[in-house]
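Residue numbers (UniProt numbering): 1 to 497. Ideal Cβ placement from N, Cα and C applies to all residues, glycine included. Just below is one structure, and these are the notes that go with it.
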Amino acid sequence: MPGVVLVIRPTHDVFFLINRTDALVNETGVNSEMTLRHVGFSHRKIREEVEEESETTVEVDLTDKQKHQLKHRELFLSRQYESLPATHIRGKCSVALLNETESVLSYLEKEDTFFYSLVYDPSLKTLLADKGEIRVGPRYQADVPDMLAEGELDDREQAKLEVKVWDPDSPLTDRQIDQFLVVARAVGTFARALDCSSSVRQPSLHMSAAAASRDITLFHAMDTLHKHNYDLSSAISVLVPLGGPVLCRDEMEEWSASEASLFEEALEKYGKDFNDIRQDFLPWKSLTSIIEYYYMWKTTDRYVQQKRLKAAEAESKLKQVYIPTYNKPNPNQISSNNGKPAAVNGAMGASYQAQASLIGRACESCYTPQSHQWYSWGPPNMQCRLCASCWIYWKKYGGLKMPTQTDEDKLSSSQPTEESHVRTHLSRQATQGTPVRNTGSPKSAVKTRQAFFLHTTCWTKLARQVCKNTLRLRQAARRPFVPINCAAIKAECKMFF
Numbered sequence: 001m002p003g004v005v006l007v008i009r010p011t012h013d014v015f016f017l018i019n020r021t022d023a024l025v026n027e028t029g030v031n032s033e034m035t036l037r038h039v040g041f042s043h044r045k046i047r048e049e050v051e052e053e054s055e056t057t058v059e060v061d062l063t064d065k066q067k068h069q070l071k072h073r074e075l076f077l078s079r080q081y082e083s084l085p086a087t088h089i090r091g092k093c094s095v096a097l098l099n100e101t102e103s104v105l106s107y108l109e110k111e112d113t114f115f116y117s118l119v120y121d122p123s124l125k126t127l128l129a130d131k132g133e134i135r136v137g138p139r140y141q142a143d144v145p146d147m148l149a150e151g152e153l154d155d156r157e158q159a160k161l162e163v164k165v166w167d168p169d170s171p172l173t174d175r176q177i178d179q180f181l182v183v184a185r186a187v188g189t190f191a192r193a194l195d196c197s198s199s200v201r202q203p204s205l206h207m208s209a210a211a212a213s214r215d216i217t218l219f220h221a222m223d224t225l226h227k228h229n230y231d232l233s234s235a236i237s238v239l240v241p242l243g244g245p246v247l248c249r250d251e252m253e254e255w256s257a258s259e260a261s262l263f264e265e266a267l268e269k270y271g272k273d274f275n276d277i278r279q280d281f282l283p284w285k286s287l288t289s290i291i292e293y294y295y296m297w298k299t300t301d302r303y304v305q306q307k308r309l310k311a312a313e314a315e316s317k318l319k320q321v322y323i324p325t326y327n328k329p330n331p332n333q334i335s336s337n338n339g340k341p342a343a344v345n346g347a348m349g350a351s352y353q354a355q356a357s358l359i360g361r362a363c364e365s366c367y368t369p370q371s372h373q374w375y376s377w378g379p380p381n382m383q384c385r386l387c388a389s390c391w392i393y394w395k396k397y398g399g400l401k402m403p404t405q406t407d408e409d410k411l412s413s414s415q416p417t418e419e420s421h422v423r424t425h426l427s428r429q430a431t432q433g434t435p436v437r438n439t440g441s442p443k444s445a446v447k448t449r450q451a452f453f454l455h456t457t458c459w460t461k462l463a464r465q466v467c468k469n470t471l472r473l474r475q476a477a478r479r480p481f482v483p484i485n486c487a488a489i490k491a492e493c494k495m496f497f
């Protein structure tokens with residue numbers, strides 16, 4: 001059950017919510033009171049509040065209808081965890097990370113299929129990419145020069161080129177190199193026997209030999225051999241100088257048991273967010289040290305044991321929950337008898353007049369005048385309704401099936417007709433969740449904000465000139481949250497005037 005994307009129905013008058021489950025929790029022991037811990041996905045309505053600079057371009061031919069419906073298939077992942085009653089579950093759907101090599105039409109051809117590529121932070125109102133970006137260009141890749149002709153000299157500055165650390169064409173054979181590495185391991189084992197701190201951490205000979213066989217010992221041995229021009233006798237003498245044998249340690253040996261426990265606790269809480277791990281748990285460690293230790297820790301038996309424990313814990317978690325059939329009446333459903341509005345389930349309410357005014361209206365999305373079932377949609381004063389097919393589409397995807405006049409104007413103004421590509425992150429339909437009457441008027445149905453301007457008085461302008469030294473406008477502009485001492489300015493103005 002964890003990891004499955006579920007469709008949640010919080011209320012009747014909003015579209016379905018899409019959430020990825022993390023766990024099913026039963027705190028009371030009653031099956032009907034199960035709680036779903038989940039990570040939510042947001043629809044494109046959040047684009048009204050977020051300005052995004054970089055947008056992905058997909059080269060594909062799409063009609064205006066396909067462009068409109070493609071916007072409804074894009075979601076934005078939110079990493080904030082929430083809890084909802086399991087009785088709100090209405091079904092399953094599929095949400096995948098956007099695949100740039102796959103045609104976007106594949107998302108439209110499949111029912112209940114969505115895609116996402118950005119992560120939305122509700123608190124900061126930001127959109128960030130959910131995956132690493134392949135950085136291409138001279139800023140990230142080296143410029144490969146043309147091949148030199150025969151006899152042509154290389155005019156590059158050799159000091160800026162790479163430093164060779166190993167020569168595969170050395171005079172030594174593979175057997176001689178392996179024998180030297182065995183000597184380096186033996187020296188490392190002996191060095192740990194002489195070191196007091198190492199004898200405490202590795203009390204047995206087996207543990208000391210295993211620590212001496214790690215990569216850092218082998219790298220040091222090969223580097224020493226290369227620096228001494230692959231002279232075995234000279235390199236061996238460097239491994240055992242006058243002060244004693246050389247001891248090479250990596251991060252796995254440098255860390256204490258308490259630091260390792262702190263790291264595992266931080267990893268359980270933050271995952272691979274090494275900046276937070278360093279800030280909250282290991283501030284005395286460098287970021288390089290933490291990352292190096294992490295990848296060494298993944299090779300230990302401790303990591304394998306924790307992985308097995310997590311797998312066993314996931315197996316023991318609740319994976320199924322019974323969801324009873326939802327048979328409650330829908331308040332948005334418009335019932336009719338012989339063309340006259342009737343009460344839903346026999347109950348006559350205040351919505352009778354509103355339902356009566358809806359009879360005869362066409363569907364707000366597909367404009368069909370006939371449907372086996374109608375649903376009221378939007379604010380009551382708009383008196384809009386949807387047919388059964390468009391109602392199901394709106395509940396699933398959070399938008400109307402057919403583009404409105406507002407959408408067509410936006411598409412035609414933002415992209416030329418000859419252009420054969422469509423941006424996957426198109427400008428958000430400003431009135432996605434509210435009905436828009438298709439009157440054919442070019443005037444937008446979006447409510448404009450009230451305009452205002454700041455009028456500076458003559459006394460304020462004079463004060464700026466008189467109190468230049470007190471105000472220091474340039475310095476104040478760089479610190480917008482530091483208040484200006486208005487009392488001192490008033491006092492100086494009174495003295496001047």
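Counting only runs of at least 4 residues, the UniProt domain "SANT" (250-302) fully encloses the following alpha helix (DSSP H) elements, listed from N- to C-terminal order: 251-254, 257-270, 274-280, 287-297. Per DSSP, the continuous beta strand (DSSP E) segment holding R90 begins and ends at 89-92. Put simply, the backbone Cα of D195 is about 45 Å away from that of E315.
Of all alpha-carbon atoms in L454, G188, I484, A477, the one lying nearest the alpha-carbon of V238 is that of G188.
A488 and T470 do touch by the CB rule: their CB atoms are close to 6 Å apart, below 8 Å. The beta strand (DSSP E) runs of length 3 or more contained entirely in the segment 68-140 are, from start to end of the chain, 74-85, 89-92, 94-97, 113-121, 126-129. In chain order, Q66, Q69, L70, R73 place their CB closer than 8 Å to the CB of L108, counting only its own chain and leaving out the 5 sequence neighbours on each side. Between the C-alpha atoms of P380 and V466 there is a straight-line separation of about 59 Å.
L172 places its beta carbon 8 Å or farther from that of Y120. Counting only residues of its own chain and dropping the five nearest sequence neighbours on each side, K395 has a CB closer than 6 Å to the CB of F15, F16. Here S42 is buried. Its C-beta has 16 or more other C-beta atoms within 10 Å. Where S376 is concerned, the enclosing beta strand (DSSP E) starts and stops at 374-377. Distance between A159 and A142, taken at the CA atoms: about 16 Å. Distance from the CA atom of Q475 to the CA atom of R464, rounded to whole angstroms, is 14 Å.
Of the other Cβ atoms in all chains shown, fewer than 16 fall within 10 Å of the Cβ of K272; this residue is therefore exposed. Taking 8 Å as the upper bound for CB-CB distance, S208 and S198 are in contact here, some 7 Å apart. When rounded, the separation of the alpha-carbon atoms in A235 and Q176 is 13 Å. Rounded to the nearest whole angstrom, the CA to CA distance from P403 to T368 is 14 Å.
Within the same chain, and ignoring the five residues on either side of L62 in sequence, the residues whose Cβ sits closer than 8 Å to its Cβ are L70, V104, L105, V422.
The three-state reading of DSSP puts G399 in coil, since its state is none of H, G, I, E or B. Inter-residue distance for L97 and P122 is about 20 Å (C-alpha atoms, whole angstroms). Counting of Cβ neighbours within 10 angstroms places E162 among the exposed residues, the total staying below 16. Per DSSP, the beta bridge partners of I334 are W374. Taking the Cβ atoms as the reference, R302 lies roughly 16 Å from I290, outside the contact range of under 8 Å.
The beta carbons of N332 and S376 sit closer together than 8 Å. Closest in alpha carbon position to Y293, among E251, E265, V304, is E251. Collapsing the DSSP output to three states places I216 in a helix.
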